[in-house]
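In terms of our numbering, the sequence shown opens at residue 31 and continues consecutively.
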Amino acid sequence: MFARHIRAHWQGFVLGLVAVVTAALLPLAAGSPASAAPPQHRSGTAAPDSPSVSGDPANPRPPRGFTSHMADVNGIRMHYVMGGHGPTLVLLHGYPETWYEWHQVMPVLGEHYTVIAPDLRGSGASSAPATGYDKKTLAADVHALLVSLHRAEYVNLVGHDIGTMVAYAYAADYRGTVSHLALTEAPIPDSIVYTYPSLTSNGPGFWNFGFFSLTNGLPEATIHGHEKKWVAGFMDWLTVNKAAEDPRDVAVYAAALRDPAHLKASFEYFRAFHTDNVDVAAQGRTKLTVPVLALGGAGSLGNSVADQVRHYATNVTGAVIAGSGHWIWEEQPQRTTASLLSFLAR
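Printed below as a string of structure tokens:
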């Protein structure tokens, strides 16, 4: 039933995808600047007065009151941005983003919480090893980081896109340590990921799940050297509120993909779906009892996020963010943050 519902919901959303993807990919032959690996952030990097790319998209500055750090955890080097005061609030980004996904909402959240926004394994300034992109391992990375910071208890956890999948794995594997859980704009990676059509009667569907899963090097070869065009086209496809599109955001995410290891890692999140299926089957045998907020964009997944989460949790609050596509934290930051803060205050 859920699979049929979500397929029907997405058929309307994907109209016009062909034009968007074609616009993004046709210019690839034009070329772009040479690739360069993103530099490592130094621990404690000071923040400016406001969020800024600071002329270097590969090294975006944190918002005022936040600092950038590195930690050696779970066999990787993990970058994270931290600031604010109060209970722990962890923000887990999605594809093709980094911690910078949250830069608009971090100052407001930091007024009430100590906010920690890491770059997941393989993203941003975190290291990109060859393996470990199943969501259970990514959750273990985050848990190890919080243990190192002495903040692994009473965690408020928020995920978006791939980060939602990691957040669910974290809550399922470290039960009793999560106070509130927010899952936004992505499914829990059970067998539903195999039911999204790549082509519908109304046009293309979730073509990217299959494309990203190719292991013959085609995704990497298609995008390498053309990261900015790719990120711009991909994000535009999933955006409803076009006024929210910011070329500075695109520059940050594109810079993070210019390193071949990080580009490959960005697809490994999707190539791990089979392993995730097995893990979710085990994790889901016992429903979560922690309060869960399930958010979808009105022009994207909508109510289907909450519909699925209710199969995995007993205390679910569902909501739809009006005027937004997939990128709810950037398209409607005020509405989405207000929804989160209201939920966390319960």
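Heads up, the beta-carbon is just placed ideally off N, CA and C, and yes, glycines get one too.
In this text the structure is predicted, and so the values were computed from the model without any measurement.
Cβ-Cβ separation between R181 and T118: approximately 5 Å, consistent with a contact (criterion under 8 Å). With three or more CB-CB distances shorter than 8 Å, the segment 294-314 counts as touching the segment 196-212. For V270 against G327, the beta-carbon gap comes to about 7 Å, under 8 Å, which counts as contact. DSSP lists no beta-bridge partner residue for S369.
The segment 150-160 and the segment 286-294 touch, with no fewer than 3 CB-CB distances between them shorter than 8 Å. Taking each of V280, D276 and A160 in turn and checking the Cα distance to H256, the smallest one comes out for V280. Nearest C-alpha to P217 among M195, K317 and G332: M195. If you look at N186, you'll find it in the beta strand (DSSP E) that goes V185 to H190.
Listed in chain order, the non-local C-beta contacts of L229 below 8 Å within the same chain comprise G235 and W237, local neighbours out to five positions each way being set aside. The beta carbon of T344 sits closer than 8 Å to the beta carbons of K317, L318 and T319 from its chain, once the five residues preceding and following it are set aside; these are given in chain order. Here T97 is bridged, per DSSP, to M112.
When only Cα atoms are considered, D306 and D102 end up about 25 Å apart.
The criterion of a C-beta distance shorter than 7 Å is not satisfied by N104 and D164.
Looking only at I146, L122, H254 and Y125, the smallest Cα-Cα distance to S178 is reached by I146. Take the alpha-carbon of P249 and the one of D266: they are about 19 Å apart. The residue from S330, T347 and G329 with its alpha-carbon nearest to that of A336 is T347. Considering only P159, Y342 and L325, the residue with the shortest C-alpha distance to F373 is L325.
Per DSSP, G327 lies in no alpha helix (DSSP H); the unbroken beta strand (DSSP E) holding it starts and ends at V322 to G327. L122: member of the beta strand (DSSP E) spanning T118 to L122, first to last residue. Of all alpha-carbon atoms in R340, T225, A169 and S231, the one lying nearest the alpha-carbon of R205 is that of A169.
When the Cα atoms are used, N232 and G329 turn out to be separated by approximately 15 Å. By the Cβ neighbour-count rule, D276 is exposed, with fewer than 16 other Cβ atoms within 10 Å of its own. Our two residues, A160 and V185, have alpha carbons roughly 29 Å apart in a direct line.
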